[in-house]
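Residue numbers (the working numbering): -18 to 63. Read through the structure below, which is laid out as structure tokens, and then see the notes.
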């Protein structure tokens, strides 16, 4: 749960500069080294955000699977006690 919260914070922190960077670059490619560097950074941030989102989804699925196993174990224990 804490890890998921930290991942969500990371996504937010990375998304803000990404949004600002995207608004500065208005399409097309440039031969300007500064623009190219900014484009490279934006792509890297996109990759990181995508990776963090995938990890968060994976953790969420793992949590749901554990909850289902717990529920099944409780039901099994309850049926044995009846």
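Glycine included, every Cβ here is placed at the ideal spot set by N, Cα and C. If you're wondering where the values come from, they're calculated on a predicted model, not measured in any experiment.
DSSP state of residue i mapped onto helix, strand, coil
i           : result
residue -14 : helix
residue 57  : helix
residue 31  : helix
residue 39  : helix
Buried versus exposed call for residue i [16 or more other C-beta atoms within 10 Å across all chains shown]
i          : result
residue -8 : buried
Beta-carbon contacts of residue i that lie in its chain and below 6 Å, excluding the five residues immediately before and after
i          : result
residue 47 : none
residue 15 : none
Residue i CB to nearest heavy atom of the ligand GDP below 8 Å
i          : result
residue -8 : Of ligands this structure carries none, so the ligand GDP is not represented either.
Own chain residues within Cβ distance below 8 Å of residue i, not counting five before or after
i          : result
residue 58 : none
Test item: CB-CB of residue i and residue j under 9 Å
i           : j          : result
residue 20  : residue 12 : no
residue -12 : residue 33 : yes
Residues near residue i by beta carbon distance below 7 Å, same chain, minus five either side
i          : result
residue 18 : none
residue 60 : none
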